[in-house]
Amino acid sequence: MVDVAFIALVTVAIAIGYVLGRRSLKKRDADSFPLSFDKTYFQGLNFLLNEQPDKAVDAFVESLDVNTNTLETHLALGKLMRKQGQVDRAIRIHQNLLARPQLDIAHQHQVHLELARDFMAAGLLDRAEMLLKEVIAESSALRGIAQRYLLDIFQDEREWSDAIQVAEALVSSRYIKSAPDKRRSLTQMISHFYCELAEESSHKNDTAMARKHLDKAMISDKTSIRAALLIGALENQDGRHKQAVKVLSRAVAQNPSLMSECLPELYKAYIAVDPVGGFNQVLSFVESQVAQHPSITALLFMVDQLLIRAESEPSRQQQAHDLLSRYLRDRPSLAGLNKVITLQIPRLSPDIANDVISLQSLVQRLLEKRLNYQCTSCGFTGRQLHWRCPSCKSWDQMEHVKAVEAN
Ligand SMILES: [Zn+2]
């Protein structure tokens, strides 16, 4: 069912187009005004009054002459259809326009761009890609916008090399050069595309190629935490642990909100560099970081490492308790409470321990329900970190949910 506002909007759009089209026709050739124009128009009006808006739109489109004055009306109608989810109808409107021989080349490009967007909305990405490439090659006026849409397609299709090519062309375009924010967001995107390629190479065990991609990722965005994380893991894998410590601690300092993502590799690197002193170093590094940027996930990682060490060094057990209580005193959290209970259970008498275990299962059920990451751009929440938000498709917008850290 199409709502009243929509019908009103279509009517206004058609009426304006009708008046403009009629005026221009009159100007051009008053004697040759086609009778069928009026007939189809009123047929459309009839459909609209009989609450058959779909048929009405078709009749209106057919009744409108295509010229410079009415083209905007056709395009507005096409956009409206696409927004309403009526992609088939939007495609028909735009194809109908292209069939008109009087359409000049600049307007043809405009219609191609709209048709490409229809195809994108319909999931016909190959056809959209073809049209956009045509617009990019032929229209300097619409090149930038067509490149943006093409970039969206390549990202959705995970064609990262193609995406890099288009994004780099955009970065060097005149339009982007004068907009530093847009330029920055594009170079960050390019860095992610290289990271994607690096991950693909790593999965194929081609670490040399992965490194090449990561170098380019860093050139594009030297503050990229994702590139730093991947480089750190590769350095560890190749036994270059000092390098791993360097790149990962710098990444944590630049992006403290994602410290817990870097910590496992950073820990591995510290211990490999110095098996005795490395542990205390990483411990004090994490403690000083969480004091400024609270992260219960990072803190619990270190508590777990202390508990593992406690098997060979019993004093570490008390150190784990102390670290946790110091942190929770100022920043109580559900995940912290869960760990406190786990640590206390072995110290309790068996009957009390049973009661505490059932209490803990309630806490754990609450923890299972929580979503750890949230997109700062659209609010999407999820259990795992996505570098590109699955909902709004923006890069680098997922963060730890502040409420999870605090609750
Ligand atoms: Zn989002």
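Residue numbers (this note's numbering): 3 to 409.
Heads up, the beta-carbon is just placed ideally off N, CA and C, and yes, glycines get one too.
The structure displayed is predicted, hence computed values, not measured ones.
- Between the C-alpha atoms of lysine 206 and alanine 212 there is a straight-line separation of about 9 Å.
- The residues His114, in chain order, have a CB closer than 7 Å to that of glutamate 136 in the same chain once the five nearest residues on each side in sequence are set aside.
- Between the beta-carbon of alanine 130 and that of alanine 118 there is about 4 Å, and that keeps the pair under the 8 Å contact cut.
- Judged by DSSP secondary structure, cysteine 377 falls within the beta strand (DSSP E) whose first and last residues are 375-377.
- For ligand 1, a non-hydrogen atom lies closer than 6 Å to the CB of serine 379.
- Three or more beta-carbon pairs separated by less than 8 Å link the region 229-240 to the region 252-266, which places the two stretches in contact.
- Here alanine 300 is buried, its C-beta having at least 16 other C-beta atoms within 10 Å.
- At least one heavy atom of ligand 1 lies closer than 6 Å to the C-beta of cysteine 391.
- Taking the Cβ of cysteine 394 as the reference point, at least one heavy atom of ligand 1 falls within a distance shorter than 6 Å.
- Within its own chain, the residues whose Cβ lies closer than 7 Å to the Cβ of valine 249, once the five positions on either side in sequence are excluded, are Ala230, Ile233, Gly234, Glu237, listed in chain order.
- For the alpha helix (DSSP H) assignment, the uninterrupted runs of no fewer than 4 residues enclosed by the region 146-185 are, from N- to C-terminal side, 162-173, 176-179.
- Between the alpha carbons of methionine 400 and proline 103 lies a gap of roughly 49 Å.
- Cβ atoms of lysine 341 and leucine 302 come within 8 Å of each other, at about 6 Å.
- Contact between the region 329-346 and the region 357-367 is present, with at least three C-beta pairs closer than 8 Å.
- In the DSSP assignment, histidine 402 forms a beta bridge with Tyr375.
- The alpha helix (DSSP H) runs of length 4 or more contained entirely in the region 328-386 are, from start to end of the chain, 336-346, 352-371.
- Boundaries of the alpha helix (DSSP H) harbouring glutamine 256: 243-256, taken from the DSSP string.
- For the pair isoleucine 138 and leucine 153, the Cα-to-Cα distance works out to about 12 Å.
- For the pair lysine 244 and valine 275, the CB atoms are nearer than the 7 Å cut-off.
- A buried status is given to lysine 270, since no fewer than 16 other beta-carbon atoms sit within 10 Å of its beta-carbon.
- Under the 8 Å Cβ criterion, the region 150-169 counts as touching the region 198-205, having at least three qualifying pairs.
- Annotation for aspartate 120: Arg84, Val89, Ala92, Ile93, His96 place their beta carbon closer than 7 Å to its own, counting only its chain and skipping 5 residues before and after.
- DSSP, read as helix, strand or coil, puts arginine 318 in helix.
- Distance check between histidine 76 and each of Glu170, Arg331, Ser203, Glu116 places Glu116 closest, using alpha-carbon atoms only.
- In its chain, beyond the 5 residues on either side, Leu231, Leu387 have a beta carbon closer than 7 Å to the beta carbon of glutamate 263.
- Buried is the label assigned to cysteine 391, since at least 16 other Cβ atoms lie within 10 Å of its Cβ.
- The beta carbon of phenylalanine 303 sits no closer than 6 Å to any heavy atom of ligand 1.
- Going by C-alpha positions, leucine 79 is about 12 Å away from leucine 99.
- Judged by DSSP in its simplified three-state form, arginine 129 adopts helix.
- Arginine 213 carries a helical assignment under DSSP once its states are collapsed to helix, strand and coil.
- Counting only runs that start and end inside the region 85-131, the alpha helix (DSSP H) elements of at least 4 residues fall at 89-100, 107-124.
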